[in-house]
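Undergrad: I have a structure here, written as structure tokens, and I will follow up with some questions on it.
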Amino acid sequence: MNLRLIILSAMALVVASCGREASTEEVVGATARLYYESLLEGRYDDYVAGLDGWKEMPPAYREQLRDNAKMFVHKQEKARGGIKSVEVSQSEVDTENHQAQVFLRFCYADSTAEQVVVPMVERDGVWLMR
Numbered sequence: 003m004n005l006r007l008i009i010l011s012a013m014a015l016v017v018a019s020c021g022r023e024a025s026t027e028e029v030v031g032a033t034a035r036l037y038y039e040s041l042l043e044g045r046y047d048d049y050v051a052g053l054d055g056w057k058e059m060p061p062a063y064r065e066q067l068r069d070n071a072k073m074f075v076h077k078q079e080k081a082r083g084g085i086k087s088v089e090v091s092q093s094e095v096d097t098e099n100h101q102a103q104v105f106l107r108f109c110y111a112d113s114t115a116e117q118v119v120v121p122m123v124e125r126d127g128v129w130l131m132r
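Take 3 as the starting number for the sequence shown in this note's numbering and just add one per residue.
Right under this line is the structure:
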């Protein structure tokens, strides 16, 4: 799955579930969730492609980011049985500066949960993780 497909999927998900045009907050939240779901599904390159500036990164650095993402997933599996689902708790968007913060809730296999903040930035109509 490429980056554009992730974004289009996010927008389609939000529109289909609500039956109305999606707000920017809903789109950016769904996009962040899809990035993390791609990570959990082992699509590490798709996750890295969701990072701001990934196209300009040297291939060796992209590979390091991919390896770090893989280690993160492995660490979560060992510590808590893995992240079983990702939910959007809230999104705050600064439309003037094309930035957002998405609050995601990671639900773990051991019945615990954790909230994380994912800073996002809009580049050419695409929301990317900072």
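A virtual CB, placed ideally from N, CA and C, is assigned to each residue, including glycine. The model shown is predicted, which means the values in this text are computed figures rather than measured ones.
For Ser25, which of Arg45, Gln92 and Gly52 has the nearest alpha-carbon?
TA: Ranking the options by Cα distance to Ser25, first place goes to Gln92.
Undergrad: How many Å lie between Gly84 and Asp96 at the Cα?
TA: So the two alpha carbons sit approximately 32 Å from each other.
Undergrad: Let me confirm a value: Val118 is counted as buried when at least 16 other C-beta atoms fall within 10 Å, else exposed. Which label applies?
TA: So Val118 counts as exposed.
Undergrad: Tell me whether Gly31 is buried or exposed, calling it buried when 16 or more other Cβ atoms sit within 10 Å of its Cβ.
TA: Counting Cβ neighbours within 10 Å, Gly31 comes out buried, since at least 16 surround it.
Undergrad: Mapping the DSSP letters down to three states, classify Glu98 as helix, strand or coil.
TA: Three-state result, Glu98: coil.
Undergrad: Identify every residue that forms a DSSP beta bridge with Pro121.
TA: DSSP output for Pro121 lists Gln103 as bridge partner(s).
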